[in-house]
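Numbering (this note's numbering), first residue to last: 1 to 214.
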């Protein structure tokens, strides 16, 4: 097992299936030359202590990997940092600061090689919440990562082969890893997102109000 904690900066959006190829060509024209495709199964587990918010762990693996020698990507995703702790420096003529143009949250990541990941979750008290299959393409632009993903639900729990498409759109996400309060990193993401705005609108999506309602 290996891993560590850092902060993840995020912008998100979606594009209808009929316009995905236009988006991909646009990204290719701006991003680094190489890109990668992926087909992964993600499961989400939650630990719900009394009197406190649930703790979620995301577990993702390559659908085509050997089940007896599978590497699982584990992610703990923290709460979104409040605006008051993530203000951009403001021009001298403007009092205070401007809101960070991206979402920022703490993440802890580990990679685990095992043929029985469920045993770990049972021992630690985590309960299965939901799962999906993600298929798409990863692009990079220096330190930025852009993914264009088709999300599918599973007809049968735990069986990737039963995946069925959920919507007529693709999920688009731009992320970057860095320390908390990295305003230059946030600005570089916003600048790159603006270059894609004719095809997809990448936004700062705060899902905090929805927590606990599902």
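C-beta atoms are modelled at their ideal positions from N, C-alpha and C, and glycine is treated no differently.
Nearest neighbour of residue 41 by Cα position, chosen from 203, 174, 130, turns out to be 130. The three-state secondary structure of residue 133, taken from DSSP, is strand. Its chain contains 41, 152, 160, 163 as the residues whose beta carbon lies nearer than 6 Å to that of residue 133, once the 5 sequence neighbours on both sides are disregarded; these appear in chain order.
For the segment 117 to 195, the continuous beta strand (DSSP E) assignments of 3+ residues that do not extend past its boundaries occur at 127 to 141, 144 to 154, 163 to 165, 169 to 178, in sequence order. By the Cβ criterion, the segment 170 to 183 is not in contact with the segment 60 to 80, since fewer than three pairs of Cβ atoms, one from each stretch, lie closer than 8 Å.
Going by DSSP, residue 19 is part of no alpha helix (DSSP H) at all; its letter is neither H nor E.
Contact check for residue 193 against residue 9 fails: the beta carbons are separated by 8 Å or more. For residue 11, the closest of 154, 39, 101, 45 by C-alpha to C-alpha distance is 101. Residue 6 and residue 105 have their C-alpha atoms roughly 9 Å apart.
The straight-line gap separating the alpha-carbon atoms of residue 180 and residue 103 is approximately 11 Å. Residue 62: member of the beta strand (DSSP E) spanning 55 to 62, first to last residue. Here residue 136 is buried. Its C-beta has 16 or more other C-beta atoms within 10 Å.
The three-state secondary structure of residue 11, taken from DSSP, is strand.
Around residue 166, the same chain offers 151, 152, 153 as residues with beta carbons nearer than 7 Å, after the five sequence neighbours per side are excluded. Note on geometry: alpha-carbon atoms of residue 62 and residue 107 lie some 21 Å from one another. Residue environment for residue 50: exposed (fewer than 16 other C-beta atoms within 10 angstroms of its C-beta).
When rounded, the separation of the alpha-carbon atoms in residue 183 and residue 202 is 18 Å.
One thing to note: residue 16 has its Cβ no nearer than 8 Å to the Cβ of residue 146.
Our two residues, residue 98 and residue 189, have alpha carbons roughly 16 Å apart in a direct line.
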